[in-house]
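K.L.:
I'd like to ask you about the structure that follows.
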Amino acid sequence: MDDVINMHDAKTHFSKLVDQVAATGQSVLIGKRGQALVQLSPLPQERTAPRPLGLFRAAIKLD
């Protein structure tokens, strides 16, 4: 999203902005006087499958 949302509008509609970012996965820029100051971004998705055991077995040596 290239538009910068005014700080006051972001404060007023913060809950809606968070829902929008979570649903779409797109970041939102928040700023003052049209200049972006912060970016509200979604967290990366967690892995659904567990990592296999012994993945780094060859990389680690214990003496």
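Mapping to the numbering used here: the sequence shown position 49 is 33, numbers consecutive.
All C-beta atoms in this analysis are idealised placements derived from N, C-alpha and C, irrespective of residue type, glycine included.
From a predicted model like this one, the values you see are computed outputs, not experimental measurements.
Pull up the distance between the alpha-carbon of G38 and that of L27, whole angstroms please.
P.N.:
28 Å
K.L.:
Counting only the same chain and skipping the five closest in sequence on each side, list residues whose C-beta sits under 6 Å from that of A20.
P.N.:
V(-12), L13
K.L.:
Does DSSP classify Q4 as helix, strand or coil?
P.N.:
helix
K.L.:
Could you tell me which residues DSSP puts in a beta bridge with L24?
P.N.:
V12
K.L.:
Can you tell me which of S25, P36, A33, R31 puts its alpha carbon nearest to the alpha carbon of D3?
P.N.:
Nearest option by C-alpha distance: S25.
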